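The numbering used here puts the sequence shown at residues 7 to 219. Idealized CB from N, CA, C, for every residue including glycine. None of these values were measured; they are calculated from a predicted model. Take a look at the structure set out below.
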Amino acid sequence: MTFVQLIDCKTSNVDQLNRLMDSWVEATQGKRTATHSIVGRDRSDSAHVVEIVEFPSYEEAMQNSNLPETNRIFEELVAACEETPTFTDLDVVRDEQLNKLVVRRFFGEVINAKNLAQAKRENGEILDAFNPRLTVKSMIAEGDLVTCRRHQLTHRRHLPGPAHRHVPGVGAHQPGRRRNRSRHVPLPGGGKIAESWWNWDDLGLLQLGALEA
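Following this line, the structure appears as structure tokens:
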């Protein structure tokens, strides 16, 4: 279970906290178990600073806290704060990146459910020719970008090819891994996919005759 530690302190020198974090990152290279760190400043109180550190689990966080480098940085952190910092230990019970929901809905409603009314014409030709089924194996989201991998295709109908050469459907299955990167724009009601990039299995398409050697 993911574990998050909140460090709440009062300081007028946020730059010093950032320097301490940089020093800790450098000193614990190859040793630390923390995976993510954020420092935020209260908009209503510029001296109120919160640091959020994420770990894969509580046990790994404890390994991190026992490092001598961590103890040294902690002592410097206390010295940099105007009051003794407080710590809140949290086991994460829900971690949901909402941009992922937009991608999952696109895969489920447009591609897997064959709702071509929601797809552009060129997407409809591919859906009709290959009858794709997309199963999300993993998703990574950062900012407005979402990357995922999955799928299986069945080449069942002709596909318009280069130079107007139509590739006939042969009923061949083409399981494999596809990667999709999508960029999102936030909108009321859940956001919208602004653009997508697809990485195809070109060798698999070559075997089906959909690409020329």
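Report task. Pull up the CB-CB distance for Arg25 and Asn70, whole angstroms please, since I reckon it's below 8 Å. Result -> Here residue 25 corresponds to residue number 19 of the sequence shown, with the count starting at 1. Here residue 70 corresponds to residue number 64 of the sequence shown, with the count starting at 1. Between Asn70 and Arg25 the Cβ distance is about 19 Å, and since that is not below 8 Å, they are no contact.
Query raised in the report: What's the gap between the Cα of Val116 and the Cα of Val142?
Result: As a first step, residue 116 is located in the sequence shown; it is residue number 110 there, counting from the start. As a first step, residue 142 is located in the sequence shown; it is residue number 136 there, counting from the start. Using only the alpha carbons, I get a separation of about 14 Å.
Requested in this report: Would you kindly report the start and end of the unbroken beta strand (DSSP E) that includes Leu12?
Outcome: By 1-based counting over the sequence shown, the position of residue 12 is 6. From DSSP, the beta strand (DSSP E) with Leu12 extends over Phe9 to Lys16.
**Report entry** Cβ-Cβ distance between Pro57 and Thr41 below 7 Å
**Finding:** For the purposes of this step, residue 57 is taken as residue 51 along the sequence shown, with counting starting at 1. For the purposes of this step, residue 41 is taken as residue 35 along the sequence shown, with counting starting at 1. What sits at residue 57 in the sequence shown is Glu, not Pro. Not closer than 7 Å, so no.
Query raised in the report: Would you say the region 43-54 touches the region 13-33, given that touching needs at least three Cβ pairs under 8 Å?
Result: Taking 8 Å as the limit for Cβ pairs, the verdict is that the region 13-33 does touch the region 43-54.
Query raised in the report: With DSSP run on the structure shown, which of helix, strand or coil describes Arg49?
Result: In the sequence shown, counting from the first residue as 1, residue 49 sits at position 43. Coil, per DSSP.
Query raised in the report: Ordered along the chain, which non-local residues of its own chain (more than five positions away) have a Cβ less than 7 Å from that of Pro91?
Result: Walking along the sequence shown from the start, residue 91 turns up at place 85. Correct list, in chain order: Ile13, Asp14, Cys15, Leu83 and Val84.
Report task. Quickly, what does DSSP pair Val116 with across the bridge? List them, please. Result -> Your numbering for residue 116 matches position 110 in the sequence shown. In DSSP, Val116 forms no bridge with anything.
**Report entry** Alpha carbon of Asn19 to alpha carbon of Leu140, nearest angstrom
**Finding:** Counting from 1 along the sequence shown, the entry for residue 19 is found at position 13. Counting from 1 along the sequence shown, the entry for residue 140 is found at position 134. When the Cα atoms are used, Asn19 and Leu140 turn out to be separated by approximately 50 Å.
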